[in-house]
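Reviewing the structure listed below.
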Amino acid sequence: EDDGLEDSSAEIENDQVYISRGPYWTHTQRMEKKLYAVPAGNTVKFRCPAMGSPIPTIHWLKNGREFRGEHRIG
1 EDDGLEDSSA EIENDQVYIS RGPYWTHTQR MEKKLYAVPA GNTVKFRCPA
51 MGSPIPTIHW LKNGREFRGE HRIG
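Just so you know, we're using the UniProt record's numbering here: the sequence shown kicks off at 1 and counts up by one.
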């Protein structure tokens, strides 16, 4: 299993060690690609469990454009 350590780096500053780690998925078994079909007006939640140091920022895209939670699609 890939633990993502090859994307890690460490830095010593003022006698403190700072470790950076690239983003990695925490629950890949929950991220299977699926087709979601729900009736109009219903809510669908998509989750993207990921960690890293610093904490990654997740952006959702639809057709190459950013999609935010308050947006509606049809």
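All residues carry an ideal CB built from backbone N, CA and C; glycine is no exception.
For residue i, which residues does DSSP report across the bridge?
{"i": "K62", "result": "R65"}
{"i": "R47", "result": "The partner list for R47 (beta bridge, DSSP) is empty, contrary to what the question assumes."}
Ignore the nearest five residues each way along the sequence and tell me which others in residue i's own chain have a CB closer than 8 angstroms to its CB.
{"i": "P56", "result": "P23 and A50"}
{"i": "T26", "result": "P49, A50 and M51"}
{"i": "E1", "result": "In this prediction, E1 scores a pLDDT of 43, lower than 50, which makes its location untrustworthy; the coordinate-derived value is nonetheless stated afterwards. Taken in chain order, the list of residues that qualify is empty."}
Compare the Cα-Cα distances from residue i to each of the options and report the closest residue.
{"i": "P54", "options": "R21, F67, W60 and T26", "result": "R21"}
{"i": "E70", "options": "G64, N63 and V44", "result": "V44"}
{"i": "R72", "options": "N63, A37 and G41", "result": "G41"}
Take residue i and list the residues in its own chain whose beta-carbon comes closer than 7 angstroms to its own, dropping the five residues that flank it on each side.
{"i": "I58", "result": "C48 and A50"}
{"i": "D3", "result": "Its pLDDT being 48, under 50, D3 is placed unreliably by the model, and nothing is read from it."}
{"i": "L5", "result": "Since pLDDT at L5 reaches only 48, below the 50 mark, its modelled position is unreliable, and the value read off the structure follows with that caveat. Answer for L5: no residue qualifies."}
{"i": "L35", "result": "none"}
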